[in-house]
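Residue numbers (UniProt numbering): 1 to 315.
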C-alpha cells in the first residue's frame, strides 16, 4: 500500500522545549488511524505541522506526495482539519457558514448547494441551518465543524479530540460518522481517551513526551502472549523460575488482596506451549499455582506497558 501521509524524522522545537522528537510514520489510503497520548504529548503539534499551520524544525512531511512546507497550497487542497476547539464565525448562520466554506474550497452555484446539503444531511444539521453558529450547543458546533471539513471531499481528514465535550449520544454519532468514512477517506484522530480510539481506529499510534512509542499498538496484541499468574511463593522465587522459561520476556507484579498469594503478569512470545511450560516449571520447583490464564491485552494495558517500558529506558 502506498503512503498517502508520510512523516520522516520530524522534530519540532518551541524555543528551548522539544515538543516532537524524531517522529516517523506512514499512513495508507482509507485507513482510520488514532494518535493516542496524554495531554501535552505532542499530538496537536503533529497535526498542525501536517496541515501547514506549523513548520517542522527538522524532518519532512508529505500528504498525497506534496511536501507540507514546499507545496503547502497543494496539501491544503487535499486535507481538512478540525481543531479541538473548532472555530466558527459566530455572526454567520449555519447554512451561510457552510456555503462560505464551500466557496473557499472552490465550489460554486449548484455544486456548492449540493455539497452543503449532503454535508448537512450527513451530520443531521438540517434543523439548525438558519441558526447563528453562536447559538449552537457544543455538540452542534462540533458537527458543523466536521461538516465544513467534509466539503470538497478531502482525501485526508484530521480530527483533534473530535468527541471532547460531547454528551454520550453525540459521542456515538461522531464515532459512527468516523467509521462510515473508512475507505473513502483517510482519517487521523488525536485523543487521550483510549476507549474512543479503540472503537474507531484500525491502527493506533502512541505518543509520549513527543516520542512515538509505536506506530501500531493494536499489532502488539498479535506479537505476544499475556498470562496472569497467581502463585504461593516469594516474589524472587517466582520471578527466577518464570523468567527462565523459554519465550518469557517480562514478569511484573500485580496488586492482590489475597494474603500469601502473589499475582503476576507475564509477557511472552506468541508460542502455544508457553503457558504449559510456565506451569511445569513452577510445579517442578514445588510452587503452588492457583491461577494461570491468558489475557487478551486491551489498548489500555498496551498503552501502560509501552509507557512503563519507555520510562524505565529513560531512567
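The C-beta atom is built at its ideal place from N, Cα and C for all residues, glycine as well.
- In this structure, the alpha-carbon of residue 203 lies about 15 Å from that of residue 157.
- In terms of CA proximity to residue 150, 181 leads the group 298, 181, 284 and 305.
- Across the structure, residue 129 and residue 263 are spaced so that their CA atoms are roughly 57 Å apart.
- When the five nearest sequence neighbours on each side are left out, the beta carbons in the same chain lying within less than 7 Å of the beta carbon of residue 268 are those of 224, 225, 227, 247, 248, 249 and 274, in order along the chain.
- By the Cβ neighbour-count rule, residue 195 is exposed, with fewer than 16 other Cβ atoms within 10 Å of its own.
- Per DSSP, the unbroken beta strand (DSSP E) holding residue 12 starts and ends at 3-14.
- Using a C-beta cut-off of 8 Å, the segment 50-63 makes no contact with the segment 115-135, since fewer than three inter-stretch Cβ pairs fall below that distance.
- For residue 109, the uninterrupted alpha helix (DSSP H) segment begins and ends at 109-122.
- In terms of CA proximity to residue 7, 21 leads the group 14, 13, 21 and 15.
- Separation of residue 101 and residue 145 (C-alpha to C-alpha, rounded to the nearest whole angstrom) is 10 Å.
- Between residue 241 and residue 285 a beta carbon distance of about 5 Å is seen, short of the 8 Å cut, so the two are scored as contacting.
- For residue 15 and residue 52, the gap between their C-alpha atoms comes out near 19 Å.
- With respect to residue 218, residue 310 sits apart: the two C-beta atoms are not nearer than 9 Å.
- Nearest Cα to residue 213 within the set 5, 107, 39 and 304: 304.
- Bridge partners of residue 25 according to DSSP: 7.
- Of the residues 109, 237 and 245, the one whose Cα lies closest to the Cα of residue 288 is 237.
- Pairing residue 90 with residue 198, the inter-Cα distance amounts to about 34 Å.
- By the neighbour-count definition (other C-beta atoms within 10 Å, threshold 16), residue 210 is a buried residue.
- Assignment of residue 205 by DSSP, reduced to helix, strand and coil, places it in the strand class.
- DSSP places residue 103 outside any beta strand (DSSP E); the residue lies instead in the alpha helix (DSSP H), whose first and last residues are 94-104.
- Here residue 63 really is in contact with residue 78; their C-beta atoms are around 6 Å apart, less than 8 Å.
- Cβ contact annotation for residue 95 (same chain, cutoff 6 Å, sequence separation greater than five): 129, in chain order.
- Cβ neighbours of residue 93 within its own chain (closer than 8 Å, five residues either side excluded): 129, 130, 131, 132 and 133.
- Cβ-Cβ separation between residue 278 and residue 229: approximately 7 Å, consistent with a contact (criterion under 8 Å).
- In the displayed model, residue 262 falls within a strand according to three-state DSSP.
- Residues 82, 142, 146, 174, 178, 189 and 191 of the same chain have their beta carbon placed closer than 8 Å to that of residue 162, with the five preceding and five following residues left out of the count.
- Within the same chain, Cβ atoms closer than 6 Å to the Cβ of residue 159 are found at 82 and 189, the five residues on either side in sequence being excluded.
- For residue 71, there is no enclosing alpha helix (DSSP H), as DSSP marks it with neither H nor E.
- For residue 245, the closest of 17, 282 and 2 by C-alpha to C-alpha distance is 282.
- Rounded to whole angstroms, the separation of the alpha carbons of residue 201 and residue 126 is 28 Å.
- As the crow flies, the alpha-carbon of residue 4 is around 32 Å from that of residue 138.
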